[in-house]
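Residue numbers (my numbering), protein chains in the order written: chain H, 1 to 207; chain E, 1001 to 1207.
We treat Cβ as the ideally placed atom computed from N, Cα and C, and that holds for glycine.
Note that the structure is a prediction, hence the values are computed from the model and not measured.
Accompanying notes for the structure given below.
There are 2 protein chains.
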Amino acid sequence: MQLKGFLIVLSGPSGAGKNTLMNAVFPTIPNLQYSVSVTTRPPRQGEIEGVDYFFRSRDEFDQMIAQDELLEWAEFCENRYGTPRSFVDNAIEDGRTVIMDVDIQGAAQIREQMPDAVFIFLLPPTWDELKQRLLDRGKDPDEAIHWRLEQSYVEMKHIVNYDYFIINDQLDNAAERLRTIINAEWCRVQRVDLDELQQLWKGRKKP
Amino acid sequence: MQLKGFLIVLSGPSGAGKNTLMNAVFPTIPNLQYSVSVTTRPPRQGEIEGVDYFFRSRDEFDQMIAQDELLEWAEFCENRYGTPRSFVDNAIEDGRTVIMDVDIQGAAQIREQMPDAVFIFLLPPTWDELKQRLLDRGKDPDEAIHWRLEQSYVEMKHIVNYDYFIINDQLDNAAERLRTIINAEWCRVQRVDLDELQQLWKGRKKP
């Protein structure tokens, strides 16, 4: 029986480990597919159209917004990034699980348009641990780390808008939890084609 | 972090394998607890009060109904059977998963009173398979099997009122799916004490 796929939206504070987690489960889940974003940022060396991003001009991007072709979009550093609805819809129709990470504002936009999507909030175990991870990463100056920590404190209150939470205490545990959630979501009644299911029975001769 | 437990309500046509499935997962899930029903039926030899059933007089049972102490109840063969709310509530507060099987009418009663319960519909793979199982069981006369099969056809339409479906093609597969659903449900945001979660962070000195 062919089941419809679904979209998994992963949010969580910077440093929670969203990308590490997605990369950890990716090889272990059949039919899992990263969502490919559309962006107005020019391609960097080696980036491939349709794999890393869909690269579009500002005009094309704005037209996608106007034609309601984006599930969510946002602007960072004067470039726009968005999630193309058709890409996600097609993969779902094909019976795949699509996974993406997006901030809480983006997740809220998606929730309005795809209430059947699965919303997961990834948490670092403690504030101290998050601070340590951001320091270890060595990517940000102190004031940026301070800002990120403050931000994550505010963001945590939005966990109520998510379906599931995963505490990223150990990568293995977190990956197992994500796999479990994905597998359980495949058992949701809303994913079954009820007509097809009844056909399976109706086709049989009644006793 | 202490999480609240939840109630799992398992329904499905007679012969779908509800009891076999519950018995199969039981030893593998920590903190799983069968719901104990209350009944007006007299105890049979060896049955223990509070383990097999809570045995009550008809008057006591009716008083429980009047005082809204039952999540659902029904009458079979002139005996009444019901699910005591306090038993389920206490186990949930203790952080346990409570599991019960009940027909679709009982499940509908529970859904109204415990919208956070998890509703699972167990399906035999096909009508023919179900018929074969009922015949193999050798428990029912032919007309009863005919009636059960007709009944299961009607009942299947109620699957839309359930959260999850499990197709009981192989007991091992079905048990794995039930375990997965239970484990995923423990990651639901609604099971977290959000105050406690924020405390975990608030307690830390801000950077």
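Item                                                                                                                             : Value
Any 3 or more C-beta pairs closer than 8 Å across the region 1113-1122 of chain E and the region 1180-1191 of chain E            : yes
Rounded C-alpha distance that separates E1075 (chain E) from E155 (chain H)                                                      : 50 Å
Paired residues, beta bridge with L122 (chain H) - DSSP                                                                          : H:I166
Cβ pair count under 8 Å reaching 3, the region 1026-1034 of chain E against the region 1132-1146 of chain E                      : no
Alpha-carbon to alpha-carbon, L1032 (chain E) and V1009 (chain E)                                                                : 13 Å
Residues of its chain near L1003 (chain E), where Cβ-Cβ distance is below 7 Å and the 5 sequence neighbours each way are ignored : G1095, W1186, R1191, V1192
N-terminal and C-terminal residue of the beta strand (DSSP E) that A16 (chain H) is part of                                      : No beta strand (DSSP E) holds A16 (chain H); DSSP gives it neither H nor E.
Cβ neighbour criterion (16 or more within 10 Å) applied to K1139 (chain E)                                                       : exposed
N-terminal and C-terminal residue of the beta strand (DSSP E) that E72 (chain H) is part of                                      : 70-76
Reference Y34 (chain H), options H:R177, H:P13, H:I181, H:V102, closest by Cα                                                    : H:V102
8 Å Cβ cut-off: residues of chain E touching I263 (chain H)                                                                      : Since the first and last residues shown for chain H are 1 and 207, residue 263 (chain H) lies out of range.
CB contact check: M156 (chain H) to chain E, cutoff 8 Å                                                                          : yes
Cβ neighbour criterion (16 or more within 10 Å) applied to W127 (chain H)                                                        : buried
For R177 (chain H), the first and last residue of its enclosing alpha helix (DSSP H)                                             : 171-185
Nearest-angstrom Cα separation, counted from R1179 (chain E) out to L1123 (chain E)                                              : 16 Å
P207 (chain H) at chain E interface by Cβ criterion, 8 Å                                                                         : Confidence is the limiting factor: at P207 (chain H) the pLDDT is only 38, short of 50, which leaves the residue's position unreliable and the question unanswerable from this model.
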